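Q: Here you go, one structure.
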Amino acid sequence: MMTQLTNMLVRVLTEKRIIEKSEKEIYRFGISQLLFFLMGIAASFVLGILCGMFWQSLLFSAAYIPLRRYAGGFHAKTPGRCYFLSCLLIVCVLMLLKHVAFSVTAVLVLIVSASAVVFIKSPVASENKPLLDQEKVWYREKARRILLLEGIVAMALTFFSVKVASCIAVAIGCCGMMVVLPMFIRHNTGTEK
0 MMTQLTNMLV RVLTEKRIIE KSEKEIYRFG ISQLLFFLMG IAASFVLGIL CGMFWQSLLF
60 SAAYIPLRRY AGGFHAKTPG RCYFLSCLLI VCVLMLLKHV AFSVTAVLVL IVSASAVVFI
120 KSPVASENKP LLDQEKVWYR EKARRILLLE GIVAMALTFF SVKVASCIAV AIGCCGMMVV
180 LPMFIRHNTG TEK
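Counting in numbering that gives the first Met the number 0, the sequence shown runs without a single skipped number right up to 192 at its last residue.
Spelled out as structure tokens, the structure:
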């Protein structure tokens, strides 16, 4: 279905001469990526509504997505798996936020420990998303800036609302987990990089 929608959009753009025929594949890839991204955002919001945790879903996504984009880490082999695992992550995060009463200390420990992991390890390239040396430098810088901003905001929020701060802390924690996950997966499968 996604492929059909992507192909239809590319065909319309080509017929209306908005894009050149020689650029069809580039646009096909870009539109496909955009549609999967929008589906992920929509799924996050829908899952948040279904769990009665819309604002938590929104805040988690707002912190997780930009940091994850530049920190890198585990990537599923197919877009379908990525979508499924992203939905599973959102549900697990929302259940964690719903059923665990985070203390200020727990939030601060999570922020500091996960931030250290992301700061040291990022960016982590994957088989599906390799990075050139220049990109690594740029991604590392962006990830660290986002991490610093999110860490400061989350720590400041602990004085006002631990529930709000815990959404950002868990987002940083999930990014830390995704950054180290490829080390364990490679180790268990015996593949080398």
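By construction, the Cβ of each residue, glycine as well, lies at the ideal position given by its N, Cα and C atoms.
In this text, all values refer to a predicted model and were calculated from it rather than measured experimentally.
For the putative contact between Ile89 and Ser56, defined by C-beta atoms under 8 Å, what is the C-beta separation to the nearest angstrom?
A: Contact holds; Cβ gap of about 7 Å.
Q: Roughly how many whole angstroms lie between the Cα atoms of Ala124 and Ala41?
A: So the alpha carbons of these two residues sit roughly 26 Å apart.
Q: If I follow the unbroken alpha helix (DSSP H) through Cys50, where does it start and stop?
A: Careful: Cys50 lies outside any alpha helix (DSSP H) and carries neither H nor E.
Q: With three or more beta-carbon pairs closer than 8 Å as the criterion, would you say the stretch 144-154 touches the stretch 71-82?
A: No: fewer than three Cβ pairs fall under 8 Å.
Q: How many Å lie between Thr157 and Ala170 at the Cα?
A: Between Thr157 and Ala170, the C-alpha separation is close to 15 Å.
Q: Pick helix, strand or coil for Val123, following the three-state DSSP scheme.
A: Reduced to three states, the DSSP call for Val123 is strand.
Q: Of the residues Leu84, Ser31, Lys15, Arg67, which one's Cα is nearest the Cα of Ile167?
A: It is Arg67.
Q: State the Cα-Cα distance for the pair Cys81 and Gly39, rounded to the nearest angstrom.
A: For Cys81 and Gly39, the distance between alpha carbons rounds to 9 Å.
Q: Just checking, does the stretch 44-53 make contact with the stretch 92-100 on the three C-beta pairs under 8 Å criterion?
A: Yes, they touch.
Q: By the 10 Å Cβ neighbour count, where 16 or more other Cβ atoms means buried, how is Phe36 classified, buried or exposed?
A: So Phe36 ends up on the exposed side.
Q: Out of Phe28, Met154, Met1, Met182, point me to the one whose CA is closest to Thr104's CA.
A: Comparing Cα-Cα distances from Thr104 to each of Phe28, Met154, Met1, Met182, the minimum goes to Met154.
Q: Give me the Cα-Cα distance between Val179 and Lys20, rounded to the nearest whole angstrom.
A: Approximately 41 Å between the Cα atoms of the pair.
Q: Looking only at its chain, what residues have a beta carbon closer than 8 Å to the beta carbon of Val9, apart from the 5 residues adjacent to it on each side?
A: Once the five neighbours on either side are set aside, the close Cβ partners of Val9 are Ile18, Lys23, Tyr26, Arg27, Ile30.
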